[in-house]
Amino acid sequence: MASEDIALMAHLMRRAGFGASREELEARAAKGYEATVEELLSPEAEPVDRYEFLRYHPGFWKPITSPGMGSAAWFHTMLNTQRPLEEKMVLFWHQVFATGQSKIDHWHELITQADMLREQGMGNYRDLLVSLAKNPAMIYWLDNCDNHGHAVNENWGRELLELFSMGVGNYTETDVREASRAFTGWTIALTPPRGYYNRWDWQFEYIEEDHDDGEKTFLGHTGNFDGEDIIDIIVQQPACHRFIARHLYNFFVGDEPQVPAWQTTPPRDPKAIATLAQAFADSHCDIRATLRTLFLSDFFKEARFAKIKSPAEVVVGLLRLAGGYEFPAPGIGNLAKQPTYMGQELLNPPSVEGWHTGAEWINSGTLMKRVNFAATVLGDLSRPGIQSMLKRLQSQGDLSPEGFVDSCLDLIGPLEVQPEVRQRLVEHASEGGTLNWRSEHEASISTKRFGEMLQMIASLREFQYC
Amino acid sequence: MATSDKAPVLVVLQLSGGNDYMNTVIPYNDPLYRDYRPRVAIPEDQLLPLDNDIGLHPSMAPLRDMYNQGKMAIIHGVGYPNSVRSHFRSMDIWHTCEPDKTGTEGWLGLATRELDPHKDNIVTAVSFGPCMFRALSLSGVPVACVDDLETYGLLTGISPEPQRAKILERFAQTYSPLIGKDEVMKYLGSTGLEAMAGADILKVAPQQYASTVKYPETSIAKKLKGIAQIHFADLGSRIFYCDHLGFDTHANQGPVHATLWNDVSQGIEAFFADLREHNAADNILMFLFTEFGRRVRDNGSGTDHGAGGVAFAIGDAVKGGQYGEYPSRKPADLTQGDLAPTLDFRGLYATILEDWLHVEAKPIVKGSFEKPRFL
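These protein sequences, in sequence, are chains A and B.
The working numbering applies: residue 77 is where the first sequence begins, and numbers increase by one.
The working numbering applies: residue 8 is where the second sequence begins, and numbers increase by one.
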């Protein structure tokens, strides 16, 4: 297998998934890059069995939502899915349509929202926005349940334009008002009051008497608009196509500044944004078609290690690499909280703006958490993924310090590191001399050195990139 | 001015989400207040009157006491021209003092650079919370970001200790600022080295700490307790920053806003009690702000995003009382239904920078603004 093919496939799987073992990379590279992109876009593998998680954590079964488990069910899906891009799209959309448990106070509704994002995440964006507007968690999050014909609440109307579709500068305050009016009466049906341990499911309800059916003027169009009409107008806007293109670029290709800066800071690759926006417009906002353009583009293939991993990518990627975390054992709740400690609490973004991404993921506290977690996971040599890497290393026989370092970098990624950094690793490896497996004693020392080398590599700056 | 020769310390508490000015510092004698707010007005028999015009929210009793002791300043009508109603944009403006473009340099990042130009102390500024605040961010200025002070440390899982020390030495080498192809790589490098050094320094703080003060079991109290621990350890920290989330009370404002102010007021009460027990209150200035106030009229259940807001300064050095002018509530004086700010927040920053931290304000706030004289 050509190492370049493996490196490119590893890049694709880091971005369109949560990384992949060497075995999987080899199998996928054998099928080819384009075939893999198609498989990711239209996966045929079985979805993760939701009941696997519930069987062992029945307290999570609705409507009895067990406090403290939070996003563990979704985390279990991310750890196990064989449809990784589909799951990546849930993360993507939940970053764009950030909805937080801090206010919802109802994990199950957020899980339901994530299910909707999974189901429609690669479908048509117009339909996705309509589903979002009717999603009870979103309605409650942005107070559309308090948006009445006689008393307009602008929260949803504003964020729909500012954060979910177009960005500041592409509409007026009047447009916010008019859009908000069009969504009056889109609310949540009355539910029985919550009990100590139970919450009831929320349902969308349209209340005609509470809807302002009057004439509205929105982005130059006039009519007795309802919410769907507003969305139909939005998805025709070039500003919307550019906005979603930039979001996709930011998530899959290279780190852009935070969304509020988009109005004033040009994209780092305007041509790439234009290409994606065109694909989005040409396909009438088909997300799958736009993603295909993205993954097959040169700008994507050339963007290797140009992005900082999100905490979810760090944690899920490491656990999938090490292996043995598939079963929803006790403790999965704590594992699901690891991204939180790195600044990304799943299903609970700090605000409707989502998380600040890219280099802003990193500060001295979160970097420390990343390094410590990676060292802990990769230092556990009993894990099947680590064992498999160890076997591949052993099969290479005696290795010079340089060979040892290069093999470890290859097995963990392949990961590209700066020459000076490689030199420091080689110096460290040189202290132990040639790596060999000639006796039981030598093999045990070499195994320990291997674990330590993995920990050192995982604490490198380069390891924070994907 | 600081009341002792100890270096002055600033503690910022950011009330994220847009705290409702009119239900925090309540103009209860204005009949318009009740007209505008049939659903969310605080009943007169519940609020905590400060004088014949103004009362505090019922959850703010500890702060009312501080006000009565002359240790709290209420700064009225704070905002900036052409107020924006986006949380993020408005918070960015507060963080960077850049209302017309997207700024990347935080005002307290700039202040930290002035206080410690040679980076002699990497814990000069300490941020509490999982995410760093843009107010502190400035390329080349280290900020210690602490989530949980108790477990702060690098590669603590590697043993024995000599082996860990050896690995940490290699870690430091690979993070060298001399290695790095671009700005982000360099940023990661300096952040890694700061994390390593900061952890060594900060780990003493909880170890040395003892107190009879019991903090409430709330997230804000936990952060304030961590700040107190570091302050007592005398590590030279000058700026602390933390926040409390959830002030975006579009709906169900009554109980939500009450809980928020309960948590904040009781956290501050415990914090100052702890400071006094350790004879460490005199060089602390606490500053509370929010990105905007809320709409004058309620929306039937809560209040939407507004403009002019209120800020507080608390501490022994504060000249208690009220500063600035409560914006007019008359319909003709409102801007798009919002209170028109009467004081630019950059003037408030100038007071803190010049009269507390002794740092020139003009280059940080980018101009000259009227300074409320609460110090």
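We put the beta carbon where it would ideally sit given N, CA and C, even for glycine.
Secondary structure note for residue 535/A: it is in no beta strand (DSSP E), with a DSSP letter that is neither H nor E. Its chain contains 203, 204, 207 as the residues whose beta carbon lies nearer than 8 Å to that of residue 196/A, once the 5 sequence neighbours on both sides are disregarded; these appear in chain order.
Inter-residue distance for residue 312/B and residue 110/B is about 22 Å (C-alpha atoms, whole angstroms). Put simply, the CB of residue 194/B is near chain A, with a gap under 8 Å to one of its CB atoms.
Shown in chain order are the members of the stretch 196 to 230 of chain A whose Cβ falls below 9 Å from a Cβ of chain B: 216, 218, 219, 221, 222, 223, 224, 226, 227, 228, 229, 230.
Distance from the CA atom of residue 223/A to the CA atom of residue 261/A, rounded to whole angstroms, is 7 Å. For the C-beta of residue 250/A, not a single chain B residue is nearer than 9 Å; the gap to the nearest is close to 11 Å. Taking a cut-off of 8 Å on C-beta distances, the stretch 70 to 81 of chain B touches the stretch 326 to 339 of chain B, as three or more cross pairs fall below it. The continuous stretches of beta strand (DSSP E) do not include residue 203/B, which lies in the alpha helix (DSSP H) extending over residues 190 to 209. Counting of Cβ neighbours within 10 angstroms places residue 164/B among the exposed residues, the total staying below 16. The secondary-structure analysis by DSSP pairs residue 21/B across a beta bridge with 250/B, 296/B. Taking the C-beta atoms as reference points, residue 209/A is found nearer than 8 Å to residue 307/A.
Within the same chain, and ignoring the five residues on either side of residue 259/B in sequence, the residues whose Cβ sits closer than 8 Å to its Cβ are 308, 309. DSSP, read as helix, strand or coil, puts residue 355/B in helix. The Cβ atoms of residue 243/A and residue 319/A lie closer than 8 Å to each other.
CA-to-CA, the gap between residue 89/A and residue 287/B works out to about 54 Å. In chain order, 194, 195, 198 make up the part of chain B whose C-beta sits under 8 Å from the C-beta of residue 438/A. With respect to residue 511/A, residue 474/A sits close: the two C-beta atoms are nearer than 8 Å. Taking a Cβ-Cβ cut-off of 8 Å, residue 146/A has no neighbours in chain B, whose nearest Cβ is about 15 Å from it. Per DSSP, the unbroken beta strand (DSSP E) holding residue 329/B starts and ends at 328 to 330. Under the Cβ distance rule, residue 504/A counts among the residues neighbouring chain B, one pair being separated by less than 8 Å.
Taking the Cα positions, residue 248/A is about 12 Å away from residue 91/B.
For residue 166/B, not one C-beta of chain A is nearer than 8 Å to its own C-beta. Cβ neighbours of residue 354/B within its own chain (closer than 6 Å, five residues either side excluded): 376, 377, 378. Contact between the stretch 125 to 134 of chain A and the stretch 382 to 395 of chain A is absent: fewer than 3 CB-CB pairs across the two stretches fall below 8 Å.
Taking all protein chains shown into account, residue 230/A has 16 or more neighbouring C-beta atoms within 10 Å of its C-beta and is therefore buried. Interface residue (Cβ-Cβ distance to chain A less than 8 Å): residue 260/B is not classified as such. Taking 9 Å as the cut-off between beta carbons, the residues of the stretch 509 to 541 of chain A near chain B are 528, 531, 532, 535, 536, 537, 538, 540, 541, in sequence order. The C-beta distance from residue 251/B to residue 23/B rounds to 7 Å, short enough to meet the 8 Å contact threshold. The residue among 75/B, 343/B, 335/B with its C-alpha nearest the C-alpha of residue 325/B is 75/B.
Only those residues of the stretch 161 to 194 of chain A whose C-beta falls short of 7 Å from the nearest C-beta of chain B are listed: 178.
Approximately 25 Å separates the beta-carbon atoms of residue 457/A and residue 199/B; this is outside 8 Å, ruling out the contact. Taken through DSSP and simplified to helix, strand or coil, residue 317/A comes out as helix. Residue 342/B does not reach chain A, its nearest Cβ partner there being about 12 Å away, counting only Cβ pairs nearer than 7 Å.
Around residue 246/B, no beta-carbon contact reaches into chain A at under 8 Å, the shortest distance being about 15 Å. Here residue 193/A is buried: its Cβ has 16 or more other Cβ atoms, across all protein chains shown, within 10 Å.
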